[in-house]
Amino acid sequence: TSPFRGVTRHRLTGRYEAHFWDSSYKKGGRSRGRQIYLGGYETELEAARAYDRAVIAHCGSKAPLNFLLDDYSEDLAWIQGRTPEEVVGILRRGSVGFARRASQYRGVTRHHQQSKWEARIGRVEGNKYLYLGTYDTAEDAARAYDRACVKFRGSKAILNFDLSHY
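Numbering follows the working numbering, with no gaps: position 18 of the sequence shown is 18.
Here it is in structure tokens:
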């Protein structure tokens with residue numbers, strides 16, 4: 001565990017992961033809403049700052065933060081000029097775990113030779129990655145990733161979309 005809001009340490013990679021709960025999404029009887037993954041970071045401080053930026057984008061300046069709102073004065077302009085989903089995508093792409101990705105979704109990368117979106121899932125069935133196919137849209141690839149996550153990791157899987165869709 002971490003003393004910072006929204007930060008945990010991944011037991012296998014040792015990275016610090018940032019998450020927050022989007023309470024505006026309460027579909028399927030989930031009282032806390034849905035968990036939004038913000039990426040894996042080398043340090044707790046980086047993860048804590050990613051959490052703060054995402055919460056500012058989703059909940060506004062009155063949200064409880066890890067650090068003072070004044071610490072984010074330079075960030076507020078770019079945060080306010082984007083949707084909350086765009087801010088999450090930017091944070092994910094800036095994290096260590098999303099270095100290869102050109103997509104805002106977990107498990108999805110752009111396949112440049114075919115101009116399609118590729119879905120893969122890691123750490124299953126003894127393979128480093130399991131190839132899930134190529135898709136016309138990033139959303140379709142993300143759904144394929146989510147279905148594989150549910151199959152291999154069950155209800156505790158971190159998904160791109162709400163579990164009730166599967």
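For every residue, glycine included, the Cβ atom is placed at its ideal position computed from N, Cα and C.
In terms of Cα proximity to Gln35, the closest of Glu46, Tyr51, Glu42 and Thr1 is Tyr51. Note on Ala141: 16 or more other CB atoms within 10 angstroms of its CB, so buried under the neighbour-count rule. For the pair Gly89 and Cys149, the CB atoms are not nearer than the 9 Å cut-off. Rounded to the nearest angstrom, the gap between the Cα atoms of Val124 and Lys62 is 41 Å. Along the segment 44-77, the alpha helix (DSSP H) occurs as fully enclosed runs of 4 or more residues at 44-59, listed in sequence order. Counting along the chain, Tyr145 sits inside the alpha helix (DSSP H) bounded by residues Ala138 to Arg153. The C-alpha of Tyr135 is placed about 27 Å away from the C-alpha of His19. Per the DSSP secondary-structure output, Tyr37 pairs in a beta bridge with His19. Listed in chain order, the non-local C-beta contacts of Asn66 below 7 Å within the same chain comprise Phe4, Arg5, Ala48, Tyr51 and Asp52, local neighbours out to five positions each way being set aside.
Contact between Tyr72 and Glu44 fails: their C-beta atoms lie close to 17 Å from each other, not under 8 Å. According to the DSSP assignment, Val124 belongs to no alpha helix (DSSP H) but to the beta strand (DSSP E) extending over Lys116 to Val124. Secondary-structure assignment with DSSP links Tyr129 through a beta bridge to Gly122. With distances taken between CA atoms, His165 lies nearest to Arg143 out of Arg143, Arg92, Lys156 and Lys128. For His58, the number of other beta carbons within 10 angstroms of its own is at least 16, and it is reported as buried. Annotation for Gly133: Ala119 and Ala144 place their beta carbon closer than 7 Å to its own, counting only its chain and skipping 5 residues before and after.
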